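In our numbering, the protein residues as written are 1 to 1156. For each residue, glycine too, the CB sits at the ideal point set by N, CA and C. Since the model is a prediction, treat every value here as computed from it, not as a measurement.
Structural data, given as C-alpha cells:
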C-alpha cells in the first residue's frame, strides 16, 4: 500500500472520487456494512491561529495556510500500487494497454501524462496541464487503470420488477441517486442476483435501497429499528464482521445504512423468529454500548484527517478492531477539525494514541524554487522527477505553475531524501540557467513562430534555449526565453530584430475575384511558387475557398510589396482580358464537323485564335458553343466556326430592327416566347443584344427559308406587342401536351391559324410543366383559350376501347421493353395500351384514355400494322471486314440510316477468321487491295421494311463500303510521306478518314493504295498528290542550297570579319542568304576562312559585281590581298547550275570564272 499526497483540496477530492471507482477485490458479503472514509468519520476542524482569519469566523475547508491556485497549469504525481493495477501484463513497459489508455485520455482531456514503473512494480503517474484537464484526466486514470468496484445483491426474483419501477423510472432514479450502474437479470434468466457497479459508497447506498424495496415487498416479517447513528459501527463491527455473524446465526437479513446516508433506521427482514432474535441481539448490543461507552474530542488539523481515515477507511476499521473504539470524523464539506472517539474509558487512551500516530505518520514540506525553473526540475518527459518518485514511491511531489514553491508529502524519512535531491537539482540549475522576458505585440507572434513552427524551432535549436510564446486566447504579449545565459541573450536579440523588421513591413490587400485564385496559384501551386521565388521577401496569403473572399494579402518590405502588387495586377489584368466569353449557337448536326476527325478542326481553331472552346456533350440538347479568351480572339474564333457552318449548309443570317424597349416582352418569361418561334421555324437561332447596350438589332441565323419565316413571326409579334398585347394561361397535364401539339405540330398550327394567337408550351427545363401560355390580341387569345379548354376537357373524359391485332405483330409493340407503346403514350396524351400476355392466344388489344387520344392511337397502331404487313427483307452482300466501318462509332451510321428510312438492319454473327477464308494481307495497319469477293454467310446484311425504303437503305449501306484506289508516288518519297514514327501518314488518315497502304521498302514500288469512302478517297488522293509536290519542291531547294566556296584568309582578320558580337557576319548572311562558317580554334587549317553555302541561283543569276558571292569576296579582299578561292558545287546541283545559267545569265559562267 502507498500513500497519495496532493497539494490542493480540489485535486484530493478528485482523487478520492477516482479511488471510489475501484473494484472490491475478493468476495464481499451482501449484508456487509459500509466502511466510512477517514474524512467522513472525522469531520475537519477550523485551523487555529491562521493569519488573516477573524475571530469567530469558520476556517475554510482546507485552512488559510494553503493559498488559492493562481496559475492555470499544474503538475500532479501519484502512485498506483501493484495490487490495484488493472493491467498487469508482462509486455514491455510503455507498450501495453496502460500506455494506450493514457494516450486516449491525453487526446480526450488535453492533459499530458507520463508513466513510470516503481521498484515495487507500482505505477507512478505524472499529469500536467490546466486544472480542469488534470482533474478530468486523473479521474479517468483512476477509473480505467485501477480496478473498479462491483458487488451483487440477491433478492427474490418477483421483487425485481419493483426495483425497475414503471417504465424503468425507479431504476433510473436509483442509479442517478447512488451514481452507480445497476444490472438486473432478464425475466428469462434464472439468476436472482442484481449486480451493482460504481464507487464503494454508491454500491452500499444502492444495495441498501434495493434491500429496502425487497423488504417492503417481502411477505416475511420486517422490523425497523431506529438507533443513534453513532452506535451503528458497534452493531456492524470491524469490517462488518459482527453484523455478518448476527445474520448467519439468526438467519435474518440486517440492513444498516452507510455513514454517508443521514438515516438511523436499521431494517431487519426474514422469518419472524429470526427477526425477533436479531432484533433482541441488536438492542442488547446497543444498550450495552450505550451504558458502557463514553466520548472524548480531539482537535486535529484538517489536512491530517486523510491519514487517520487511511485508504478505503481501513485505518478506522483497524482502530475499531484493535481497541473497540469508534472514531467519528467530521464531514468532508465541514470546516470542523474536531474528531470524536467513542468507546469504553479504558480503551480510549490506546485509541487516541493510534489516532495521533496515524495523523503524524505523513510529513508535508515545501521547497522554494523559481516558478520558471519548475519544468527544468521536472526534466524532459519528467525524467528528473520520475527518478525521484521511482526511488521514493510513497512521496508525492506537487508543482503549481506561477508559485515559487514545490510541495512534498509522504513518510518523514522519504520526504527528507526527496527534499535534498530536489534542492540539489535547483542549485545546479540556478548556476547554469537563466531567463528573460520580452514584451512583443501579439500580432507578430504567429510570424515569430513561422510556418509549422519553422522560425521558433530554428532559434531554439541554434541557441539551445526554450521560448514560450503565449496562446492567442491568453491575450498577452509576454514572451519568455529560458536556457543558457549566453543563448538567452542571443535569442532575445534575434527576436527583437525580427520584430523591428516586421514593424517596418507593409501589408497590402489586393481585390482579386475568387474565380481567378485557382488560376493564379496554378496546378499544385506551381505558378504562385514562381511569383514567390521572384519576390522571396513578400508573403502572399490567399483566403480559404470556404470564406468566399476576394482579398489577397501581401506582406513584406514596402518596395517589394509594391513591385509584387504591380506584377500580380498585371497577371490579373491578363486573366480578366482572357476571360471574355461568347456563346455561339451552331446546329447540333454540324458540331462533329466543327470538331473534325480526331479533333483536328477544333484544335486548330483553339491554337490559332488562342481561345478555349467548349462544346456541349453528345446527349445534351444544347446547341451553344462557348468561346473564352480575349475579346478579339473570341470574335475571330466565332467567325471561323460560323464559316464552317455556312460551308456545310445553306445558312443565312439577317438582322431585324426592333425597338430595344420591346426586347424583354418578346423574349418572354424565361425566354418562352422567343423559344416558341425558334422551335416553330426549324430551330433557327435568334440573338438579342445585351441589356443596356441600346442596340435595336436582333440577329436571326438559320436555313434561308426558316430565317424569313422567323423574321416575319418576330416582326408580327413585335407589332402585336406595340398595338395590343394580351396574355392568358391554361393548365393541362404534361402528357396531353404532345397530343395537343399533334404530329409535326399539326393540331396547334390549326388553332394558331384559326385564331391568330401564339400558343407556348413549357420546355422540359421549366418548373411549371402544366402551364400553357397564350399571347396575342385579347379576342384571339380568348378564342384560342376556349378551343384549348375544349380539347383538354375532352382529354379528361377517359374511355376504354379495344381493337384486333394479329398475334404475330404483338412482339413488335412490346419488344425493347415496350418502346413502341411508350412512344404511343407520349404522343397521344398518355393513352394506356394493353396487349394480352404471351401464350394467351388472344388478338384483343385494350386502349384506355381520352376519347380523341384513343381514336388517334388506334389509327396509328393500324398504320404500324400496315407497315409490318407490307414489309420485305432485302439482303446486301458486303465483306465482313467492312462491317465495323459501316456501323460507325457506337453504331451511329446504322442508327441514322434506320431512322431516316424507317427500316430495321440486322448484321450477321462474326465468323472467326481462322475457321473461314483468310483475310487479305495488310501492311502499315491498313487494308491491302481486295481479292476477288465471294459472299459468305457472315457477309450478308439483312434489311427489313417497306420495299422502296429497303432499296434506299441498301443504297445508303453500299455507299458506306470502302473502295481502294492507287496513287502513283515515287518510292524515294515514301519515307517522307510516312513521317517520323508514322506521324505523317497517321495525320493524313485522320484528316481524310481513310486507310493508306504503303508497300514494304524492299519491294520499291512507286504506288500507294488509299482505302475508304468514295468522297474521302478522292480528297485523300488530292491531299497525297499535293504532299508529293511539296516534297519534290523541297528536294529541288535542297539541291540548290548545296553550293560551297572555300576561302583562305589570315586568322588575324577573322575578328574584323565577324564584327562586334557577330554584327558584320550576321549582316552578310542576312543580305546574301548564305551560311558562313569559321574554322574552330584547334583546327589545323586556321587560314581556311569559311564555307559559304547558298542557292545556286544566287550565284549563277547574279551579274557582274551584283552577285552575292562576288560582293562577299570584295568585302573580304579589304582585309587581305593574298586570298584564294575555290568553288565546289555539289554533284546534284551541277545540273541546276547549268539549267539556271542557260536560262537567266548566259555569260555568267565566263564572268564568274574570270572573277575567281
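Inset, instruction - Ignore the nearest five residues each way along the sequence and tell me which others in residue 843's own chain have a CB closer than 7 Å to its CB. - result: Only 804, 805, 806 and 807 meet the Cβ criterion.
Legend entry - Delimiting residues of the beta strand (DSSP E) encompassing residue 966: Unbroken beta strand (DSSP E) run through residue 966: 963–968.
Inset, instruction - List in chain order: all unbroken beta strand (DSSP E) runs of 3+ residues lying wholly within the segment 817–897. - result: With a minimum length of 3 residues, the continuous beta strand (DSSP E) runs that stay inside the segment 817–897 are 832–834, 844–850 and 871–877.
Legend entry - Contact under 9 Å by Cβ, residue 709 with residue 681: The answer is yes: Cβ separation under 9 Å.
Legend entry - Secondary structure, beta strand (DSSP E): runs of 3+ residues fully inside the segment 1038–1083: Counting only unbroken stretches of 3 or more residues, the beta strand (DSSP E) elements lying wholly within the segment 1038–1083 are 1043–1048 and 1075–1077, in sequence order.
Legend entry - Residue from 347, 98 and 701 whose Cα sits closest to the Cα of residue 289: Here the closest residue by C-alpha is 347.
Legend entry - Unbroken alpha helix (DSSP H) run spanning residue 983, endpoints: For residue 983, the uninterrupted alpha helix (DSSP H) segment begins and ends at 983–992.
Inset, instruction - Taking only the alpha-carbon atoms, compute the straight-line gap between residue 315 and residue 358 and give it to the nearest angstrom. - result: The straight-line gap separating the alpha-carbon atoms of residue 315 and residue 358 is approximately 8 Å.
Inset, instruction - Check the DSSP bridge columns for residue 435 and list the partner residues they point to. - result: For residue 435, the beta-bridge partners assigned by DSSP are 482.
Inset, instruction - Just the C-alpha distance for residue 702 and residue 611, rounded to the nearest angstrom, thanks. - result: So the alpha carbons of these two residues sit roughly 25 Å apart.
Legend entry - Whole-angstrom distance between residue 627 and residue 637, CA atom to CA atom: The straight-line gap from Cα to Cα measures roughly 8 Å.
Legend entry - Counterpart residues of residue 580 in DSSP-defined beta bridges: Residue 580 pairs with 629.
Inset, instruction - Compare the Cα-Cα distances from residue 408 to each of 380, 439 and 368 and report the closest residue. - result: For residue 408, the nearest C-alpha among the options comes from 368.
Inset, instruction - Return helix, strand or coil for residue 48, following the three-state DSSP convention. - result: The predicted model places residue 48 with a pLDDT of 43, which falls under 50 and marks its position as unreliable, so this point remains unresolved.
Inset, instruction - Identify every residue that forms a DSSP beta bridge with residue 408. - result: Partner(s): 365 and 397.
Inset, instruction - Look up residue 325 in the DSSP assignment and give the residues it is bridged to. - result: Note: residue 325 sits in no beta bridge, so no partner.
Legend entry - Alpha carbon of residue 283 to alpha carbon of residue 224, nearest angstrom: Going by the C-alpha atoms only, they are around 12 Å apart.
Inset, instruction - Assign residue 103 to one of two classes, buried (16 or more other C-beta atoms within 10 Å of its C-beta) or exposed (fewer than that). - result: Result: exposed.
Inset, instruction - Would you kindly check if the distance between the Cβ of residue 426 and the Cβ of residue 77 is under 9 Å? - result: Their beta carbons are not under 9 Å apart, which means residue 77 does not touch residue 426 by this criterion.
Legend entry - Backbone CA spacing between residue 1051 and residue 604 [nearest angstrom]: A straight-line Cα-Cα distance of about 51 Å links residue 1051 and residue 604.
Legend entry - Rounded Cβ spacing between residue 411 and residue 394 (contact assumed at less than 8 Å): Going by Cβ atoms, the distance from residue 411 to residue 394 rounds to 5 Å, so yes, they are a contact pair.
Legend entry - Nearest residue (CA-CA) to residue 158, options 1033, 213 and 127: If you compare the alpha carbons of 1033, 213 and 127 with that of residue 158, the shortest gap goes to 213.
Inset, instruction - Can you tell me which of the three DSSP states residue 1161 falls into? - result: With the chain represented from 1 up to 1156, any question about residue 1161 goes unanswered, as that position is not in the structure.
Inset, instruction - With 9 Å as the threshold, decide whether the Cβ of residue 447 is near any Cβ in chain C. - result: The structure shown has no chain C; it contains just one protein chain.
Inset, instruction - Report yes if the CB atom of residue 111 is closer than 9 Å to the CB atom of residue 134, and no otherwise. - result: Yes, the pair counts as a contact, with Cβ atoms nearer than the cut-off.
Inset, instruction - Verify whether the separation of the beta carbon atoms of residue 463 and residue 490 is less than 9 Å. - result: Between residue 463 and residue 490, the CB-CB gap stays under 9 Å.
Inset, instruction - Ignore the nearest five residues each way along the sequence and tell me which others in residue 787's own chain have a CB closer than 8 Å to its CB. - result: Excluding five sequence positions before and after residue 787, the CB atoms of its chain that fall closer than 8 Å to its own CB belong to 751, 754 and 755, given in chain order.
Inset, instruction - Ignore the nearest five residues each way along the sequence and tell me which others in residue 893's own chain have a CB closer than 7 Å to its CB. - result: Its chain contains 886, 887 and 960 as the residues whose beta carbon lies nearer than 7 Å to that of residue 893, once the 5 sequence neighbours on both sides are disregarded; these appear in chain order.
Legend entry - Limits of the unbroken alpha helix (DSSP H) element including residue 234: Looking at the DSSP string, the run of the alpha helix (DSSP H) that includes residue 234 is 232–236.
Legend entry - Simplified DSSP state of residue 951, which is helix, strand or coil: DSSP places residue 951 in helix when its eight states are reduced to three.
Inset, instruction - Give the C-beta separation of residue 552 and residue 539 to the nearest angstrom, bearing in mind that I take them to be a contact with Cβ-Cβ under 8 Å. - result: No, residue 552 and residue 539 are not in contact; Cβ-Cβ is about 11 Å, not under 8 Å.
Inset, instruction - Using three-state DSSP, classify residue 535 as helix, strand or coil. - result: The answer is coil: DSSP assigns residue 535 none of H, G, I, E or B.
Legend entry - For residue 699 and residue 635, believed in contact at Cβ under 8 Å, the rounded distance: Not a contact, Cβ separation roughly 14 Å.
Legend entry - DSSP beta-bridge partners of residue 372: None, per the DSSP bridge assignment.
Legend entry - Cβ contact (3+ pairs, closer than 8 Å) linking the segment 774–782 and the segment 809–827: Result no; under three Cβ-Cβ pairs closer than 8 Å.
Legend entry - residue 828 burial status per 10 Å Cβ neighbour count (16 or more: buried): Buried, by the Cβ-count rule.
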